Amino acid sequence: MLHDRLAEDLYGAIAAIPLLDPHSHINPLQPASRTLDDILGYHYYTELAHSAGMDQTPLGPEVEPRERVRAILRHMDRFDNTAQYSWFVEIAHEFFGFAGDRVTAGDCDALWDRAAERMAQPDWEDQVLRLSGVEQIFLTNDFDDPLTGFDTKRYVPCLRTDELVFHLHRPEVRQRLAKATGVEVTNPTLLRQAVAALFEHFTGRGAKACAISLPPTFAPVQVDPVSAEAAYKEWVAHGTATAPPNSAQAMVACDVFWTLAEHCRTFKLPFDLMIGVNRRVYWRGVYQGQDLFDQRTSLIQFAELFNSFPEVTFPLSVLSSGQNQELVSYSWIFPNVVTNGHWWYSNIPAYIENDLRARLQAVPKTKQIGYYSDAYKLEFILPKYNMYRRLLACVLADDYVRPGLCSLTQAVDLARLLLRENARHIFNV
Amino acid sequence: MLHDRLAEDLYGAIAAIPLLDPHSHINPLQPASRTLDDILGYHYYTELAHSAGMDQTPLGPEVEPRERVRAILRHMDRFDNTAQYSWFVEIAHEFFGFAGDRVTAGDCDALWDRAAERMAQPDWEDQVLRLSGVEQIFLTNDFDDPLTGFDTKRYVPCLRTDELVFHLHRPEVRQRLAKATGVEVTNPTLLRQAVAALFEHFTGRGAKACAISLPPTFAPVQVDPVSAEAAYKEWVAHGTATAPPNSAQAMVACDVFWTLAEHCRTFKLPFDLMIGVNRRVYWRGVYQGQDLFDQRTSLIQFAELFNSFPEVTFPLSVLSSGQNQELVSYSWIFPNVVTNGHWWYSNIPAYIENDLRARLQAVPKTKQIGYYSDAYKLEFILPKYNMYRRLLACVLADDYVRPGLCSLTQAVDLARLLLRENARHIFNV
Amino acid sequence: MLHDRLAEDLYGAIAAIPLLDPHSHINPLQPASRTLDDILGYHYYTELAHSAGMDQTPLGPEVEPRERVRAILRHMDRFDNTAQYSWFVEIAHEFFGFAGDRVTAGDCDALWDRAAERMAQPDWEDQVLRLSGVEQIFLTNDFDDPLTGFDTKRYVPCLRTDELVFHLHRPEVRQRLAKATGVEVTNPTLLRQAVAALFEHFTGRGAKACAISLPPTFAPVQVDPVSAEAAYKEWVAHGTATAPPNSAQAMVACDVFWTLAEHCRTFKLPFDLMIGVNRRVYWRGVYQGQDLFDQRTSLIQFAELFNSFPEVTFPLSVLSSGQNQELVSYSWIFPNVVTNGHWWYSNIPAYIENDLRARLQAVPKTKQIGYYSDAYKLEFILPKYNMYRRLLACVLADDYVRPGLCSLTQAVDLARLLLRENARHIFNV
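Chains as they are written, first to last, in the working numbering: chain A, 13 to 441; chain B, 13 to 441; chain C, 13 to 441.
Below, the structure written as structure tokens:
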């Protein structure tokens, strides 16, 4: 696919590096797709089809999955220019033997049947992993996930904490927390007990990271004990019928967040921060297709955190190239800040290329986690990583090998750090 | 001009696509230039000459136009590196048969005479349109424009509404509105009557869009009727001697804006939003050379609007690449948000190229209006579109055809959507 | 180093242009390095080594310099991907005859000895200047610098004013000011007397610029005399034990800043503004490795300043590409705003290239100061300028010569403006 011989050679060597995928939403009990609906049900396709004019009827639970796929394919010629479309074509080529140049609604039945046949093979999961060259995949686990029934060496647990920080006022979240930890949280001390119990459980089951996504306005600070105590009181007294007052809620959110960082320190877990997403901006949108970012955010909001926890490594994901320039500078200066992947709206070639070049030129190479799939199904690891590896090959060719800054072998060694070794070291796997 | 054979071939094919120019400031009663002064009086040249050291004396109304042109040409060697300069050279080549590489003050008289001769030809307007390959051009019409005396199929009216939203407190604006609609606006109900009358008039004369430019801080919300009523009252009671209190004025501005969106829904007109310009920042500057942007703005300010009017299409123009990344994501998610051109300070190759690549990779191809000229005189359509088409050809060559993502024919089809078909569809022409 | 023949030819011609380096931190009494410790003590190396895992022990004053160098070299293979590393390799090649591809800890002793030998040569300073092709270098002088003991034609003084604007409340700063000027500043009038004395002293010793770095929130306004008087009073009454109240301090800072601008006007000095740095963000960091930027800043904060001082030229340095886009537009519109170099976190190829392209395409060529070294030691001028010149050669080749917009000679003339002539003209040297 690359028209530059040097980049092609680099790509070949890079593609042979076994992957550690340090962030995904894979369900380890059902990691691979069972039908084409699992592939095209990925929010990238439902949201693009909807954005391009598809109403949401085909997405209803009562719709026959094959018909849902047909509806999405029927709209695909409106977004066959996108990177997301090219992922799908690559999946069709690599996994289902599709030979055409473009996938259209006319291909629906043949592709559905072919996919169903392949996916029904008992070793489909292993086939996909082998073809994708991936050895370990990090998960995104709810805090009350039992973490049982799967190989935690292959599917590495990761404690996702958005609900604890932002939704602890919801009765069902507190009930789930009580059930998971045996602690009814009504004050800062009990919160710490509950969080400790979660970290015990997760690290006991092989968890290697704590993670959270944050809105652009979030600026964590340490809450003093007296204020924290008062905020929890107000919060508890408020009952559960409606959301508590904003000020108490914000203070509790800060306290929970800070407590998580403290436990990352104690339990020696990196704390993945995914910074900048506003939830439900397009509230009429499809499932998982409602969130957007606000470019007006700054890592300065995290300065106190980074200074307070020098022992905790913070792999940072950001959503814009403006924010990436801050990230480059922060990870160049702060020993405990590392760059992490190309997240969501930044995960298209135009932004990856610029963001990647800047990171390579300014951040110590040992502090860069190159990429993660963010996938919900195993089949997406291959096309997403291929997109990244092609860009990486081109950047290494143009910025390093051709100007004589390093040899081809050294460039591949650099790629190995980004794709595997740094993540192994940082997450201690 | 392109040194890449594939890009050159693409450019050739793309340049043959008839254009629909969806935004300009052309005066349909005098669309082409009459003298070289009309060309070099464009604010891009007066502001660059002034910025590069020319005082404003040559711009005075008493100065002989030919001498004004000479003064600007005399300063041009200070900005002959700019994209704007290259537009002028291309105009001189294409329209006036200029054969040199650079235009200097020494060329003034010859060029003036040659231009005058050409422009005096009775079919000059048609010649320019034919040479430029443009079929339809959208206008920017004051709300009280009679819209008579021209072919509204060729020059498509567009209701520009900045004055209604931001300057309705000015007596002369209210008088003009009263004259145009027969309604003296003193409350929200009368405002709606006046706006309805404007939409009747405009759509009756073939208008295909409503448009407005907005300062970076503007964040429209729906004003409740009681507050709106009170704001108009305060506003009217205040009299006309000075500007009304900010709070009342801001509320009226929101109410007018929201009313325009409601009428776009009723009359099925897209609402062009041009986001981010602060007016009169350099208040000593030349005419139309005083405005600048503030990068700190976000499309989140329009989330309520986009959610409230799913039936209205919003073609969005932005002023920075940071804002373009938001625009890419917003038009990827919101069905009613589409990308629109490369506006003003973003309209130079370095920014167009990056912004264009990102849009192509992430926004459904049917939701992208590639370019508009923003021209005040017809002669600028050609060089501005050529700049864009060259970049488009290079991006299509590098990102689509060469990596095998599409054929040359498919790439040209994609260009056709951007240059013509999407605008026809979105604006219903 | 460039694989493109045209760019290589351009680079050769550009590299022959004698340089005027319009901003450095060179100590004119000790301009060149004396040991390799002077080279690797540059904060870029200490902060990158620390960021990559080196504790700060080797940086202590009691550590043997050669051992400090060894410690940094030992960590260098963790950041040998960075632009900063490549500067060091180029220094080793060009100045110390190092022949290897990579510098490792194993090279420490040989390199130390070789460097010591070269640096001990009595004409080392002249050798470095000659090899670097630099004729004049601007300094960064404390306001109470006697400016004696060096050739002010070669090392051009520049009045640095951060302390006056932001730290005048500190007793030691006021004492130094009193000592330097004979004026004890307790009110706006005395401040003006003191500032006038500084400008007299500096311009009398050949100073060609006034300069300051500013935090992202700083928005200068003219303080009315009554408020200024009151603020100074509160400020003086407060004593010196602790910082004065924020409001008084902010008002005094504005008044001092405005006074500096007034004296720039009177003394015809450009006022270099370096915009956007927050100090001590990573307060545990190494010396000079603690500062970071906040992307959320806008040049609109300086609109009143630019409008109020049309006679003063403001060379502007910014820290992000987002801010660069504003800078491009501001220097395109405001006659007294010019672009200045690629500062600090923006000074890596990925950002220089994009920022440079945009400036070349939109800002009059006479208003661009291409680059400055920001160096603390002479040896860094060569590799930093070479990085810039390579990028400049590539951009001129791709954006100007190859598309036929100008000849190779014209492109080199353009480079000469950026590297030498514009600075000579703007700073009147």
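Beta carbons: idealized from backbone N, C-alpha and C, even for Gly.
Just so it is clear, the structure is predicted and the values come from calculations on it, not from any experiment.
Please report the residue range of the alpha helix (DSSP H) in which residue i lies.
i      : result
A/N359 : Taken as a continuous stretch (DSSP letters only), A/N359 belongs to no alpha helix (DSSP H), as it is neither H nor E.
A/D33  : Not the alpha helix (DSSP H): A/D33 falls in the beta strand (DSSP E), residues 31 to 33.
A/F279 : 258 to 279
C/F178 : 174 to 178
B/L85  : 77 to 88
C/R414 : Looking at the DSSP string, C/R414 is not in any alpha helix (DSSP H), and its letter there is neither H nor E.
A/I438 : 434 to 438
C/P200 : 200 to 216
B/I26  : 17 to 27
A/T193 : 183 to 193
C/Q307 : Unbroken run through C/Q307: none, as it is neither H nor E.
B/N319 : 315 to 320
B/E106 : 95 to 108
Report the three-state DSSP secondary structure of residue i (helix, strand or coil).
i      : result
B/P158 : coil
A/D135 : coil
C/S419 : coil
A/A405 : helix
A/A223 : strand
C/Q234 : coil
B/Y54  : coil
C/I345 : helix
B/I38  : coil
C/L14  : coil
A/Y167 : strand
B/Q300 : coil
C/Q68  : coil
On the DSSP letters alone, give me the boundaries of the beta strand (DSSP E) that residue i sits inside.
i      : result
C/T351 : 349 to 352
B/F150 : 146 to 150
C/S329 : 326 to 330
C/D284 : 283 to 287
In chain B, which residues lie with their C-beta within 9 Å of the C-beta of residue i?
i      : result
A/N290 : I312, A315
Compare the beta carbon distance of residue i and residue j with 8 Å and say whether it is the shorter of the two.
i      : j      : result
C/Y383 : C/Y397 : yes
B/I26  : B/V424 : yes
C/L18  : C/A409 : yes
A/L430 : A/V407 : no
A/R188 : A/D157 : no
B/F321 : B/P232 : no
C/L31  : C/R308 : no
A/S358 : B/W344 : no
A/G353 : A/S332 : no
What does residue i touch in chain B if you count any residue whose Cβ is under 7 Å from its own?
i      : result
C/G382 : The contacting residues do not exist; C/G382 stays about 12 Å from chain B at best.
A/V293 : I312, A315
At a CB-CB cut-off below 7 Å, which residues of chain C make contact with residue i?
i      : result
B/I360 : A370, Q373, A374
A/S36  : Neighbours of A/S36 on chain C: none; closest Cβ ~27 Å, over 7 Å.
A/T378 : A64, R90
For a contact defined as C-beta to C-beta under 9 Å, what are the partners of residue i on chain C?
i      : result
A/K280 : In chain order: nothing, as chain C lies at least about 16 Å away.
A/E338 : L304, F305, D306, Q307, S332, Y357
By the criterion of Cβ-Cβ separation under 8 Å, what are the contact partners of residue i in chain A?
i     : result
C/E59 : W344, I345
In chain A, what lies closer than 7 Å to residue i by C-beta?
i      : result
B/N319 : Y294, W295, R296
B/S341 : L304, F305, Y357
Interface residues of chain A around residue i at Cβ under 9 Å?
i      : result
C/D154 : Going along chain A, no residue has its Cβ under 9 Å from C/D154, so there is no contact; the nearest lies around 25 Å.
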